[in-house]
Structure formats: structure tokens, C-alpha cells
Amino acid sequence: MKNKSNELIPNDITIISNGVSIEGKITSKGNIRIDGNINGDINAQGNITIGESGYVKGSISGQNVNIGGKVDGTANAKEKITLESKSVLKGDLITKILVVESGAVFDGKSSMSNSGDLIIKEQPK
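Residues in the sequence shown are numbered from -10 upward in steps of one, following my numbering.
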């Protein structure tokens, strides 16, 4: 939905349906639900949901991230990451709050900080 100035309203949800494949970077001011395949990074100011049939190869960053499908890459949430029972995350995660349901698969490193912001420091050579 758009307001009078033709801008997306932050509570809007963009849905990438099952059977849809996208290659490239996705940026949104609202919420995103992925039930298809994404080969690229996802950055949303709102929430990101990866449904059970969803697959993402790339980094994802949003306010809250809910993973029910598969992600190969870094997950970064300013507030909370939820790994549902059928989810598979192969990559690192950064968040304030982490919820892992029984049956979820997580292969990577986790960092829980107050800011939820990704901070990468170069190692001295």
C-alpha cells in the first residue's frame, strides 16, 4: 500500500512466493516474507520471515528475523532471531535475542549484543 506521497508504508509485506527465484540484492522499508529462492542479500527495515519452503543464499538483515526454511549466510537482527523447528541456518548470526526451537539446525557462530549491529574487526596480519 502506498500513501499520498507514493511511498511504501513500513507495515506493508512483500511476499516472494514458492516457485519464484530471484538473483540479486533485495532492499525494503517494510516487511518481507520469502517462500521462494533468493540468491543474494536481503536488507529490510522491518521484519524478515523465511517460510518453510524458503531458501536464501546470502546475508539477511532486519528488525526481527524468523527462519522456518534454509539460509546459507549471515543473519543479522536488531532485535530477535527465531529458528523454527524445521529451519537450517548455515552461517553466523548477530542479534539481541535468540530463540531456537527443538529440531532447528544451526551451524555457525552466534553473537548476542545490545545493538544487534554487525561489527567486523580486521585481524592483524
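Glycine included, every Cβ here is placed at the ideal spot set by N, Cα and C.
These numbers come from a predicted model, not from an experiment.
Under the rule that 16 or more other beta-carbon atoms within 10 Å means buried, what is residue i, buried or exposed?
{"i": "ASN53", "result": "buried"}
{"i": "ILE86", "result": "exposed"}
{"i": "ASN0", "result": "exposed"}
{"i": "THR84", "result": "buried"}
{"i": "MET(-10)", "result": "The pLDDT assigned to MET(-10) is 43, lower than 50, so where the model puts this residue is not dependable, and the model offers no usable value."}
{"i": "GLY51", "result": "buried"}
{"i": "ASN65", "result": "buried"}
{"i": "VAL94", "result": "exposed"}
{"i": "SER76", "result": "buried"}
{"i": "THR71", "result": "buried"}
Sort out for me which residues DSSP pairs residue i with in a bridge.
{"i": "THR63", "result": "Per DSSP, none; premise fails for THR63."}
{"i": "VAL88", "result": "THR71"}
{"i": "SER76", "result": "DSSP lists no partner for SER76."}
{"i": "SER17", "result": "ALA33"}
For residue i, which option in the options has the closest C-alpha, if you only look at C-alpha atoms?
{"i": "GLY58", "options": "SER6, SER50, ILE39, GLU90", "result": "ILE39"}
{"i": "GLY62", "options": "GLY13, SER91, ASP30", "result": "ASP30"}
{"i": "VAL60", "options": "LYS18, SER48, GLU12", "result": "SER48"}
{"i": "GLY13", "options": "ILE23, ASN28, GLY19, SER74", "result": "ASN28"}
{"i": "TYR44", "options": "ASN26, LYS69, ILE5, LYS79", "result": "ASN26"}
{"i": "ILE2", "options": "SER10, GLY8, ILE23", "result": "ILE23"}
{"i": "LEU82", "options": "SER100, SER6, ILE4", "result": "SER100"}
{"i": "SER74", "options": "ASN7, ASN36, SER10, ASN55", "result": "ASN55"}
Span of the beta strand (DSSP E) holding residue i?
{"i": "GLN121", "result": "Look at the range of the chain in this structure, -10 to 114, and you will see that residue 121 is not part of it."}
{"i": "ALA33", "result": "31 to 33"}
{"i": "SER10", "result": "10 to 12"}
{"i": "LYS46", "result": "44 to 46"}
{"i": "ASP96", "result": "94 to 96"}
{"i": "SER100", "result": "99 to 101"}
{"i": "ASN20", "result": "20 to 23"}
{"i": "ASN26", "result": "26 to 28"}
Any heavy atom of the ligand MN within a distance shorter than 8 Å of the CB on residue i?
{"i": "LYS98", "result": "Ligands in the displayed structure: none, and consequently the ligand MN is not present."}
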